[in-house]
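In this note's numbering, the protein residues as written are -2 to 542.
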């Protein structure tokens, strides 16, 4: 195809929370307007502070205006108790192309850790005096240094210890300034698909704020892509575990102006944008004996229990559902692992796609089945050309738009100008060119799995496209492909290699051009998010709404 898409993968391995930590976490509450936070301790800079001997003493819960220029170095010092877990951040520089370097030393000036702003430094310390060095990295100007403990019982919302609780579906307004940071926390469940819907309310020229999502251990999971508008910040994100999550909202640079954005009011809503529906290779998903390997299930957002969504036996399906995908209108496309006679349709093969139009879902599944795509009509005829992954090329398009599939093996399918060789690690798109039966169209390569280190040895066993916030999935640049691979796997080059197994969900993200790679480097592996091996997955409407 003419479209050349590059794929860059990075790892954000979601760490499992300790069960005791989750159990002890209080229920999150939220209101339309969180209470104002307590001010930090203002400790203005005192010069000279260019050497450790001149280091200015600062307490925990400290902030304050400072300045740095080319060739300048600032030192501060503080005293920690044994086991103190501190967060150190510099929040004054809002230019994404420049930053400061924060370096932490012990009393003997042995380097302990280092970070580049705006990424915070989070370290557990031994007792004694510690030093912090701030030096410019392509930056000069005003900045604010914040030092605090994560376990501090303060109400400061510019550190995680003072994060304000929010809940799903409870919008509220707040304010972010030029050197401001707002922290929030919420309780999520494994397999929740979280989305942060936001709007800037100020009537001004500046472009907004940026947002970053962290797990309970303050490991970064996702961040805004462009840093332009808060309403364009985070993609639909699959939460990897039950427990607390943190959201940081900061004043961001103006992507177009190349300067600090200013300040303004914003409205933020934490929502479940979709539900993640899955089928497993074995019975009893989530401990529910009613869910068989041929069924589709979802984790209920209110109870946390896995519940039956599509009972295949209710509509005469006896073979395992090998791949499926929800449509925007609630219909379900699916393929079978083996051939069977389907009432009202006849013989259906593993290269065919069925469409189910539901009247009811759940334990009493009812509706209409019809043949959506006969594989033989579009060149899927050999043993290796059975379908084991289905997705729309964009999230929730109308039926008839491009559809993506992956095959169980190798094959050759009709394409514009000839035949297209396909392997089981590839994703191909069907481009329909006419209406009526048999279906008319051709295949094109959507993703060449062989170009990704290690993926050539794997099989794309399921797939669904996740739209990023504000884009609704209709732009190839912003879509995220979620997939599960059978067995244990390792992909990606050394140093950024991704590893996982059949219960993990892998995100792959497409980028439009090599020059834009720096803008599109977000991805993750959600580990053991599904309690049984995954056979198929799909984003769909929020279950229970």
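C-beta atoms are modelled at their ideal positions from N, C-alpha and C, and glycine is treated no differently.
Original post:
Taking buried to mean at least 16 other C-beta atoms within 10 Å of its own C-beta, is residue 322 buried or exposed?
Top reply: With 16 or more other Cβ atoms inside 10 Å of its own Cβ, residue 322 counts as buried.
**OP:** Verify whether the separation of the beta carbon atoms of residue 99 and residue 109 is less than 9 angstroms.
**Re:** Taking C-beta atoms as the reference points, residue 99 and residue 109 fail to come closer than 9 angstroms.
Original post:
According to the neighbour-count rule (16 or more other Cβ atoms, all chains shown, within 10 Å of its Cβ), is residue 360 buried or exposed?
Top reply: Per the 10 Å Cβ criterion, exposed.
Original post:
Distance, Cα to Cα, residue 82 vs residue 217?
Top reply: Between residue 82 and residue 217, the C-alpha separation is close to 17 angstroms.
Subject >> Local Cβ density within 10 Å of residue 512, reported as buried at 16 or more and exposed below that >> reply: Low local confidence applies: a pLDDT of 33 at residue 512 is under 50, so the model's placement there is unreliable, with the coordinate-based value given in what follows. By the 16-neighbour rule on beta-carbons within 10 angstroms, residue 512 is exposed.
**OP:** Output the distance between the C-alpha atoms of residue 66 and residue 49, rounded to the nearest integer angstrom.
**Re:** The alpha-carbon of residue 66 is positioned some 18 angstroms away from that of residue 49.
Original post:
According to DSSP, which residues form a beta bridge with residue 178?
Top reply: Note: residue 178 sits in a beta bridge opposite 247.
Original post:
Looking at C-beta atoms only, is the number of pairs between the region 481 to 498 and the region 449 to 460 that lie closer than 8 angstroms three or more?
Top reply: Flag = yes, the region 481 to 498 and the region 449 to 460 touch.
Original post:
Is residue 352 closer than 9 angstroms to residue 330 when the C-beta atoms are compared?
Top reply: With a cutoff of 9 angstroms on beta-carbon distance, residue 330 and residue 352 are scored as near each other.
Original post:
Would you say residue 416 and residue 407 are within 9 angstroms of each other, going by their C-beta atoms?
Top reply: Contact: no.
Original post:
Can you list the beta strand (DSSP E) stretches of 3 or more residues lying completely in the region 343 to 410, in chain order?
Top reply: Here the runs fully enclosed are 343 to 345, 350 to 357, 363 to 370, 384 to 389, 400 to 404.
Subject >> Sufficient close CB pairs (3 or more, under 8 angstroms) joining the region 338 to 357 to the region 368 to 376 >> reply: Contact check between the region 338 to 357 and the region 368 to 376: three or more CB pairs, one atom from each, fall below 8 angstroms, which counts as touching.
Subject >> Pairwise C-alpha distance: residue 274 and residue 493 >> reply: Those two C-alpha atoms are separated by around 29 angstroms.
Subject >> Distance, residue 56 Cα to residue 78 Cα >> reply: Between the alpha carbons of residue 78 and residue 56 lies a distance of about 12 angstroms.
Original post:
Between the C-alpha atoms of residue 237 and residue 289, what's the straight-line distance to the nearest angstrom?
Top reply: Each residue's Cα considered, the two are about 23 angstroms apart.
**OP:** For residue 111, count neighbouring C-beta atoms within 10 Å of its own C-beta (all shown protein chains included) and say buried if the count is 16 or more, exposed if not.
**Re:** So residue 111 ends up on the exposed side.
**OP:** Quick one: residues in its chain with C-beta nearer than 6 angstroms to the C-beta of residue 535, no 5 flanking neighbours on either side, listed in chain order?
**Re:** The answer, listed in chain order, is 274, 321, 322, 323, 461.
**OP:** Could you round the C-beta distance between residue 363 and residue 423 to whole angstroms and report it? I think they count as a contact, below 8 angstroms.
**Re:** Taking 8 angstroms as the upper bound for CB-CB distance, residue 363 and residue 423 are not in contact here, some 36 angstroms apart.
Subject >> Counted within 10 angstroms of its Cβ, other Cβ atoms place residue 448 as buried (16 or more) or exposed >> reply: Around the beta-carbon of residue 448, fewer than 16 other beta-carbon atoms lie within 10 Å, marking it exposed.
**OP:** Tell whether a beta-carbon distance below 9 angstroms holds between residue 548 and residue 129.
**Re:** As displayed, the chain neither begins before -2 nor continues past 542, which places residue 548 out of reach and without an answer.
Subject >> Pair within 9 angstroms by beta-carbon distance, residue 234 and residue 187 >> reply: Going by C-beta atoms, residue 234 is not nearer than 9 angstroms to residue 187.
Original post:
Terminal residues of the continuous beta strand (DSSP E) containing residue 108?
Top reply: In the DSSP assignment, residue 108 falls within the unbroken beta strand (DSSP E) covering 108 to 113.
Original post:
Where residue 276 and residue 373 are concerned, what is the direct C-alpha to C-alpha distance, given to the nearest angstrom?
Top reply: Straight-line Cα distance between these residues: approximately 25 angstroms.
Subject >> residue 246 classed as buried or exposed, judged by whether at least 16 other C-beta atoms fall within 10 angstroms >> reply: So residue 246 counts as buried.
Subject >> Reduced DSSP secondary structure (H/G/I, E/B, other) of residue 43 >> reply: In the three-state reduction of the DSSP assignment, residue 43 falls in the coil class.
**OP:** Check each candidate in 540, 47, 60, 63 and name the one with the smallest Cα separation from residue 307.
**Re:** Among 540, 47, 60, 63, the Cα nearest to that of residue 307 is on 540.
Original post:
Is the distance from the Cβ of residue 119 to the Cβ of residue 144 below 9 angstroms?
Top reply: Taking 9 angstroms as the Cβ cut-off, residue 119 and residue 144 do not qualify as a contacting pair.
Original post:
Can you give the Cα-Cα distance for residue 121 and residue 162, rounded to whole angstroms?
Top reply: If I take the Cα positions, the gap works out to 24 angstroms.
**OP:** Note down the Cα distance separating residue 185 from residue 385, rounded to an integer number of angstroms.
**Re:** Those two C-alpha atoms are separated by around 30 angstroms.
Subject >> CA-to-CA distance, residue 500 to residue 490, given in whole angstroms >> reply: Residue 490 and residue 500: Cα-Cα distance of roughly 22 angstroms.
Original post:
residue 214 and residue 180 look like a contact to me (Cβ under 8 angstroms); what is the Cβ gap, rounded to whole Å?
Top reply: Not quite, the Cβ-Cβ distance comes to about 15 angstroms (not below 8 angstroms), so this is no contact.
Original post:
So with Cβ pairs under 9 angstroms, would you call residue 445 a contact of chain B?
Top reply: Judged by its chain identifiers, the structure shown contains no chain B, having just a single protein chain.
**OP:** Kindly indicate which three-state DSSP category residue 53 falls into: helix, strand or coil?
**Re:** When DSSP states are grouped into helix, strand and coil, residue 53 belongs to the strand group.
Original post:
Any idea what DSSP makes of residue 324, helix, strand or coil?
Top reply: Here DSSP, grouped into helix, strand and coil, assigns residue 324 to coil.
Original post:
Once you ignore the five residues that flank residue 316 on each side, which residues in its own chain have a CB closer than 6 angstroms to its CB?
Top reply: Excluding sequence neighbours, residue 316 sits near 333, 334, 335, 337.
Original post:
When burial is assigned at 16 or more other CB atoms within 10 Å of the CB, is residue 318 buried or exposed?
Top reply: Residue 318 comes out buried.
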